[in-house]
Amino acid sequence: MTIPAVQAAPDPFEPEPYLALTESQRQQFDEDGFILIEDALSPDHVDRLIGVVEELNEKHRKSHGTAPDAAYQIRNALAHHDELFALIEYPKILPMVVDVMGVNIQIRTSHVDVRPPMKDHVEGELGAAGGFFPWHSDAPNYGYPVTNGIVPFLEVKVGYYLTDLTEHNSGAICVVRGSHHRSPNLIHDPDYHIDPADIVEVNVRPGTAMVWRTALWHCLTPNLSDHSRKCLYYGYNYRWARPGDYDRQDAGLLARCTPVQRQLLGSNTTEDGVVYQDGDPAHPASRYWRPEPGDVPLEAWAEGQMKKKRAREWRRWKRRNRLPFGAVGSPVVAEGDQPGALE
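Taking the numbering used here, the leading residue of the sequence shown gets 75, the next gets one more, and so forth.
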């Protein structure tokens, strides 16, 4: 009688196998916030995509009267051409996205970016607040939540670079290595200076892809080359950032709700929830991501609550100190009272 071999139980401390990433790539992604994949796109694939981008470029400039030397962007690019749609599940890259995010994901954004040579650009400080493309991290209006001083891991972007970016100041993206581990408020602090040693100018050949965390601080170099910089970006985030026990509430229920109640039930002020930034159909944005005035009535509610709170605090302080109500220096107690006292 043959006794079957007993298989050893899996080691619970052994790292999970990856679909595509190596251990060193995963470590770099966690520590630096990005990895580069050379030759992710074949030369033929790059040529096809450039043809698509140039076709869209021509249509866009004709329909918008855009100057030949003006930068342009098309959002929700995947809906504009089958070649762009196919990249949402590109076999060389999607496994890497799944390796770092898991399988419960969705496309959050896709866009075509074209930046022609900037002939008249006067070079200044990289990513300066008043510059053409300042340091920032991607986030919706009102920002992402911050936990222990940093933004949790919520999104990955994949950049596909179609033109030669190997030279300095060719319009390449710059990232600050490891900045996803820092407070996003630091880049808005005028006294904070980024260590130049942490800045990586992504000077890459055509066909290179970058998988990166969008909490990374990033900006662009000016394009002082002799050719337009052309690239594509696809952002992936988690599908669970939605209600847990309904998809859309009953119209009858929503009809009897206050604006704040409608917001809390996930309803928007427009049926499709889309707004066109700058009125441009090439720049659609979800109103959940880029809300219009009035889309977040809870903001006005919170401001009102704060005014009431400060009014109560002022009344208590006045009683303790026997000051006449409305004395100069009192906090705002109602709309229009003591403007500026909250500063």
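Backbone N, C-alpha and C fix where the C-beta goes; we use that ideal spot for every residue, glycine too. This structure is a prediction, so every number in the text was calculated from the model and none was measured.
Close Cβ partners of residue i (< 6 angstroms) along its chain, the five nearest in sequence each way excluded
i           : result
residue 91  : none
residue 419 : Given a span of 75 to 417 for the chain in the structure shown, any question on residue 419 remains unanswerable.
residue 155 : 126
residue 212 : 288
Distance between residue j and residue i (C-alpha atoms, nearest Å)
i           : j           : result
residue 244 : residue 370 : 40 angstroms
residue 355 : residue 367 : 19 angstroms
residue 407 : residue 210 : Low per-residue confidence applies at residue 407: pLDDT is 39, beneath 50, and the placement is therefore not dependable, though the value from the model is reported in the following sentence. Roughly 36 angstroms between the two C-alpha positions.
residue 237 : residue 171 : 23 angstroms
residue 199 : residue 326 : 55 angstroms
residue 192 : residue 270 : 24 angstroms
residue 302 : residue 159 : 23 angstroms
residue 106 : residue 253 : 8 angstroms
residue 363 : residue 392 : 43 angstroms
residue 138 : residue 342 : 29 angstroms
residue 289 : residue 224 : 9 angstroms
residue 113 : residue 283 : 8 angstroms
residue 416 : residue 377 : Annotation note: pLDDT 27 at residue 416 (below 50); position unreliable, coordinate value reported separately. Going from the Cα of residue 416 to the Cα of residue 377 covers about 11 angstroms.
residue 150 : residue 395 : 59 angstroms
residue 190 : residue 144 : 7 angstroms
residue 108 : residue 195 : 29 angstroms
residue 279 : residue 381 : 55 angstroms
residue 438 : residue 122 : Look at the range of the chain in this structure, 75 to 417, and you will see that residue 438 is not part of it.
residue 161 : residue 312 : 18 angstroms
residue 257 : residue 306 : 27 angstroms
residue 309 : residue 181 : 6 angstroms
residue 321 : residue 246 : 40 angstroms
residue 226 : residue 124 : 35 angstroms
residue 333 : residue 379 : 16 angstroms
residue 178 : residue 384 : 44 angstroms
residue 128 : residue 262 : 36 angstroms
residue 166 : residue 349 : 33 angstroms
residue 120 : residue 141 : 25 angstroms
residue 101 : residue 336 : 43 angstroms
residue 375 : residue 329 : 20 angstroms
residue 317 : residue 260 : 32 angstroms
residue 357 : residue 99  : 34 angstroms
Exposed unless 16 or more other CB atoms sit within 10 angstroms - verdict on residue i
i           : result
residue 419 : Missing from the structure shown is residue 419; the chain here goes from 75 to 417 and no further.
residue 174 : buried
residue 390 : exposed
residue 264 : exposed
residue 386 : exposed
residue 351 : exposed
residue 146 : buried
residue 229 : buried
residue 319 : exposed
residue 35  : What is shown of the chain runs 75 to 417, which leaves residue 35 out entirely.
residue 231 : buried
residue 187 : buried
residue 287 : buried
residue 222 : exposed
residue 185 : buried
residue 239 : buried
residue 250 : buried
residue 372 : exposed
residue 131 : buried
residue 220 : exposed
residue 176 : exposed
residue 204 : exposed
Neighbourhood of residue i by C-beta distance below 7 angstroms, restricted to the same chain and skipping five residues each side
i           : result
residue 169 : 93, 94
residue 365 : 215
residue 347 : 360, 361, 362
residue 235 : 278, 280, 282, 305
residue 255 : 224
residue 314 : 178
Bridge partners - residue i, DSSP secondary structure assignment
i           : result
residue 183 : 309
residue 294 : 247
residue 147 : 187
residue 231 : 286, 309
residue 303 : 189
residue 109 : 285
residue 221 : 224
residue 163 : In the DSSP output, where bridge partners are listed per residue, residue 163 has none listed.
residue 210 : 292
residue 274 : 249
Same chain, Cβ closer than 8 angstroms to residue i, five either side skipped, listed in chain order
i           : result
residue 248 : 200, 201, 273, 274, 275, 276, 292, 293, 294, 295
residue 300 : 191
residue 197 : 243, 296, 298
residue 338 : 372
Neighbour flag for residue i against chain B, beta carbons, 8 angstroms
i           : result
residue 326 : The chain labelled as chain B is not found in the depicted structure, where only one protein chain is given.
Every unbroken alpha helix (DSSP H) inside the segment 327 to 391 [4 residues or more]: 333 to 338
Length-filtered (4 minimum) alpha helix (DSSP H) runs lying within the segment 110 to 142: 117 to 138
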